[in-house]
Amino acid sequence: MITPTPLMRLVAGVWGFKTLAAGVELGLFTRLAGGRTMTVEQAAAEFGLADRPADLLLAASASLGLLERAGDGYRNSELAEQFLVEGNPYYFGAQVRYSDLRTYLPWHRIGEALRTDRPLTWDPQTQQSMFDTTDPEMLAQFWDAMFATSSFTAAALADAYDFSAHQRLLDVGGGAGAFPIEFCRRLPELRATVLDLPHVCVRARERIAEAGLTGRIEAAAGDFLADPALPDGHDVILLSMILHDWDEPTNRALLARCHAALPPGGAIVVCELLLNDERTGPPEAALMGMNMLVETEGGRNYSGAEYASWLTAAGFVDVRTVPFDAPGANGAVVARRA
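If you read the sequence shown in UniProt numbering, its first letter stands for residue 1, the second for the next number, and so on.
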């Protein structure tokens, strides 16, 4: 018999996210790093909480698979230990914090976005883009969030697609350089360029230096939407989590510039949360599309077939889709210049 239980799970989804966000904000999972166990009484004392809210937070976190019971207390689950302990290579807490601070409240006005077809996290009448802000802390939160999501996604892409066939990578809109850093750590012969706005390049150079890869990865300042041409001298171009920010004409124009920048035989890799061809899912891709309604003027998530048709129209050949599982993407559409 059909019941409304699935609808109640959707209603409760926000409760789960806010429980996760509260744990990250308190530093709960970082305090439990390395197998430490914490009782309700200890949590209350360390976080300045009464016993009741401490008990509820620990129990709810365990129910979500973030903690597990250990005697009289709780300890990190493997998931939390891997991704919610600050300082770990694939720390995901920055993405949680950014979503909580930047997008959660605007999502309460999703009806407004549906009616007006305008973003909710910034004002196109007074700002040039979602990246145009006078709040440096929020901008730092954004790039840290993108780095957190991109690092593990880059690892998954590197497992799914063989970049060893390439010598020089151009990461268009590469942010703080998570993808080139991951790839160059794995492939000693690979060199890379991150192309992004000047203030983003500053952050990228910091991350690249922290990774010890300054001599192999450079950050080139530019605007991939406004510049007439992309930097040449690369045999593979990566567009990771970029095209969902823009409308179809913008994306087609960018793919044409990618084709022009590549040598014959050069490859392009479009890494995204791909919708299926029927546009019925998966939920991660479809809901990211809704988030583009909140965050962008023309963005949406597209299907692999749509990307394939655009790549073919731009002159690329041998188009194929490489599936994988990661927080920022579920596949890559790959093609080459003839």
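No residue lacks a Cβ here, since even glycine has one placed at the ideal position from N, Cα and C.
No experiment lies behind these values; they were computed from the predicted model shown.
In the DSSP assignment, Ser-63 falls within the alpha helix (DSSP H) that extends over 51-63. A residue is called buried once 16 or more other Cβ atoms fall within 10 Å of its Cβ, and Arg-102 is buried on that count. The beta carbon of Tyr-307 sits closer than 6 Å to the beta carbons of Val-270 and Val-333 from its chain, once the five residues preceding and following it are set aside; these are given in chain order. Taking C-alpha positions only, Glu-41 is separated from Ala-154 by approximately 40 Å. C-alpha of Trp-122 to C-alpha of Pro-106: approximately 10 Å in a straight line. In the three-state reduction of the DSSP assignment, Pro-282 falls in the coil class, being assigned neither a helical nor a strand state. Taking a contact as a CB-CB distance under 8 Å, the pair Ala-60 and Tyr-74 does not count as one, their CB atoms being some 11 Å apart. Close CB contacts of Ala-267 within its chain, under the 6 Å cut and outside five residues either way in sequence, are with Val-236 and Arg-336 (chain order).
In the DSSP assignment, Ile-268 falls outside any alpha helix (DSSP H) and within the unbroken beta strand (DSSP E) covering 267-272. As summarised for the segment 78-111, the continuous alpha helix (DSSP H) elements at least 4 residues long and confined to that stretch are 78-83, 93-98 and 104-107, given in chain order.
In terms of Cα proximity to Gly-173, the closest of Tyr-302, Ile-181, Phe-224 and Ala-209 is Phe-224. The segment 239-250 makes no contact with the segment 196-212, as fewer than three CB pairs between them are under 8 Å. Looking at the DSSP output, Asn-76 shares a beta bridge with Leu-67.
Among the bridge pairs identified by DSSP, Ser-240 is matched with Cys-271. Comparing C-alpha distances from Arg-257 to each of Glu-81, Leu-274, Leu-239 and Glu-272 shows the shortest one belongs to Leu-239. Between the alpha carbons of Arg-109 and Ala-44 lies a distance of about 35 Å. As a beta-bridge residue in DSSP terms, Gly-331 pairs with Glu-272 and Pro-323. Relative to the Cα of Cys-201, the nearest Cα in the group Ala-140, Gly-111, Gly-48 and Gly-23 belongs to Ala-140.
The secondary-structure analysis by DSSP pairs Thr-193 across a beta bridge with Leu-170 and Glu-218. Here the segment 188-203 makes contact with the segment 214-221; the two share three or more CB pairs at distances below 8 Å. Per DSSP, the unbroken alpha helix (DSSP H) holding Trp-15 starts and ends at 5-26.
Taking every protein chain shown into account, the CB of Met-146 has 16 or more other CB atoms within 10 angstroms, so this residue is buried. The beta-bridge partner set that DSSP reports for Arg-257 is empty. Inclusion of Phe-183 and Leu-169 in the CB contact set at 8 Å is warranted, their separation being smaller than that value. In the three-state reduction of the DSSP assignment, Arg-36 falls in the coil class.
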